[in-house]
Structure formats: C-alpha cells, structure tokens
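Protein chains in written order, with our numbering: chain A, 9 to 121; chain B, 470 to 581.
Glycine included, every Cβ here is placed at the ideal spot set by N, Cα and C.
Only one structure is covered here, and it is reproduced in the block below.
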C-alpha cells in the first residue's frame with residue numbers, strides 16, 4: 009500500500025512569488041492535513057481537509073491556503089512568499105475518524121531566497 | 470489551549486544505555502497520545518500511540534504509557550542502538566479531531 013506522496017520534494021522560490029505543493033494521501037484516506045516545520049517554531053498545524061471541506065485551521069495568515077479534490081488529493085498554496093516561509097511542509101493523511109492514526113509524507117522542502 | 474512539553478535535548482547516550490524522554494501534556498478533552506520519529510532528511514514516522522488512560526503503546530522496543538493522573542506519556546527503551554539516533558516528537562490529538570499538537574522535539578544521538 010503506497011504511503012503519503014508529496015511533490016515536489018525540493019524547491020527554491022524568490023520572495024514575492026507563490027508556490028503550490030501537492031499531496032496524494034494513502035488510498036482510502038479522506039482526511040488530509042498540512043504542517044509547517046521550522047527550526048524556530050517546530051511543527052505547526054496549517055489546516056485539515058475532509059471530503060473537500062476545510063475542517064480545521066491553524067493560526068497562519070491568509071497567504072496560506074489549501075484545497076482538496078474529489079479523489080482526496082490535496083494542494084496547498086503560499087502566495088507572496090517571505091523569507092520566513094522557508095520550511096519543510098509536511099502532508100499527513102488519515103481515515104478522518106476519531107482515534108485513528110495520522111500518517112505523514114516525506115515532506116516538501118521550500119527555500120525562499 | 471492544548472500543548473505538549475518535551476524534555477529538552479539534545480540527548481547523547483552510549484549504545485545499550487537505557488533511554489527515557491519525558492513528555493507531559495495539557496488538554497481540555499481526552500486526547501490520544503503519540504510518539505513520532507524523524508530521521509535526517511525524512512518525514513515523520515509513527516513510533517507508537519495510546520488512545521486512553523493506562524494504555525501502553527509499544528513498537529521496536531520502545532514503550533510509553535498514557536498516565537492521566539500525571540498527564541504524561543514518557544518514552545522509554547531498555548537498550549538503545551546507533552540506529553535509534555533521530556529526533557523524537559511527542560504529540561496529542563483531541564478525540565475526534567485530526568489535528569496534532571506537537572512538542573518541540575528531542576534530538577537523540579547514540580554513540581557506538
């Protein structure tokens with residue numbers, strides 16, 4: 009059974025640009041969530057989607073957005089990139105039911121220059 | 470709000486030593502508790518979990534017991550190996566929510 013797949017793995021962007029990251033969840037999983045990992049702030053929750061609807065949202069500015077498609081695949085977008093957006097962005101999937109396990113992908117490393 | 474506090478790192482041990490990484494939590498509801506491990510350059514892997522008080526999660530020689538009275542979920546291993554070198558994260562999820570709250574992580578280095 010394939011795990012959570014994220015693309016691209018590595019990317020470099022310039023300040024002011026925007027970026028889109030993609031995530032394919034484990035087959036059968038309907039919940040996809042996104043996290044940002046930085047050395048200073050650690051792991052922070054961005055948002056969670058379930059059946060194409062945003063169900064939970066963290067404390068990030070509106071420049072961070074996401075969506076989920078009918079096949080449960082998800083994308084997140086960051087507009088007007090800032091240097092501080094440089095981070096590892098992790099996608100996670102689960103069945104979406106309480107008490108179940110949340111599985112993570114390898115992450116997308118974003119560097120903003 | 471909900472939070473997780475982990476033992477500060479880094480932690481350096483010799484091979485075959487006993488490991489304890491402390492984790493305490495604050496939560497308004499009845500959380501599930503997790504330990505995740507991150508190897509260099511990789512994402513997070515679930516190490517073990519416990520969903521209710523007094524549950525013991527175990528995997529690959531690691532164990533942690535959900536202690537509601539002390540709001541703790543300490544990670545232990547009786548004999549560590551060099552291959553256990555990684556960053557360990559304690560996390561909680563409030564029942565029914567698919568949102569993890571993480572501790573700051575503890576970097577573990579095992580020397581041969």
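With three or more beta-carbon pairs closer than 8 Å as the criterion, would you say the region 27–34 of chain A touches the region 530–550 of chain B? no
For residue 22/A and residue 529/B, the rounded distance between their alpha carbons: Translated into the one-based positions of the second chain, residue 529/B becomes position 60. Translated into the one-based positions of the first chain, residue 22/A becomes position 14. Going from the Cα of residue 529/B to the Cα of residue 22/A covers about 42 Å.
Give a yes or no on whether the C-beta atoms belonging to residue 44/A and residue 97/A are separated by under 8 Å. What you label residue 44/A is simply residue 36 of the first chain in a count that begins at 1. What you label residue 97/A is simply residue 89 of the first chain in a count that begins at 1. Yes, the pair counts as a contact, with Cβ atoms nearer than the cut-off.
Under 9 Å from the C-beta of residue 566/B: neighbouring residues of chain A: To locate residue 566/B, count along the second chain from 1; it is residue 97. What residue 566/B touches in chain A: 56, 63, 64 and 106.
Show which residues of chain A have a CB atom less than 7 Å away from the CB atom of residue 569/B. For the purposes of this step, residue 569/B is taken as residue 100 along the second chain, with counting starting at 1. Those within 7 Å of residue 569/B in chain A are 53 and 110.
Should residue 38/A and residue 94/A be called a contact, given that it needs their Cβ atoms to be closer than 8 Å? Locating residue 38/A in the first chain gives position 30, where the first residue counts as 1. Locating residue 94/A in the first chain gives position 86, where the first residue counts as 1. No, the Cβ-Cβ distance between residue 38/A and residue 94/A is not below 8 Å.
How would you label residue 558/B, buried or exposed, when you count the other beta carbons within 10 angstroms and need 16 or more for buried? On the second chain, position 89 is the one that residue 558/B refers to. Residue 558/B should be labelled buried.
Any Cβ of chain A within less than 8 Å of the Cβ of residue 484/B? Numbered from its first residue, the second chain carries residue 484/B at position 15. Chain A, which has no Cβ nearer than 8 Å to the Cβ of residue 484/B, makes this no.
Cβ-based neighbour list, residue 26/A, same chain, cut-off 8 Å, excluding 5 preceding and 5 following: Taking the first chain and counting its residues from 1, one reaches residue 26/A at position 18. The residues are 85, 86, 87, 88 and 89.
So, at 6 Å on beta carbons, what are the nonlocal neighbours of residue 520/B in its own chain, with the 5 sequence-adjacent residues on each side left out? Within the second chain, the letter at position 51 stands for residue 520/B. Excluding residues within five positions, the ones whose Cβ falls inside 6 Å are 501.
Against chain A, does residue 511/B count as a neighbour if the rule is that its beta carbon must be under 8 Å from one of theirs? Translated into the one-based positions of the second chain, residue 511/B becomes position 42. So, interface residue.
For residue 493/B, which residues does DSSP report across the bridge? Position 24 of the second chain, counting from 1, holds the residue named residue 493/B. Per DSSP, 474/B and 541/B.
Look at the alpha carbon of residue 550/B and the alpha carbon of residue 71/A, and state the distance between them as a whole number of angstroms. One-based indexing of the second chain puts residue 550/B at position 81. One-based indexing of the first chain puts residue 71/A at position 63. One C-alpha to the other measures close to 43 Å.
Do residue 50/A and residue 571/B have their C-beta atoms within less than 8 Å of each other? In the first chain, residue 50/A corresponds to position 42, counting from 1. In the second chain, residue 571/B corresponds to position 102, counting from 1. Against a cut-off of 8 Å, the Cβ pair of residue 571/B and residue 50/A comes out as a contact.
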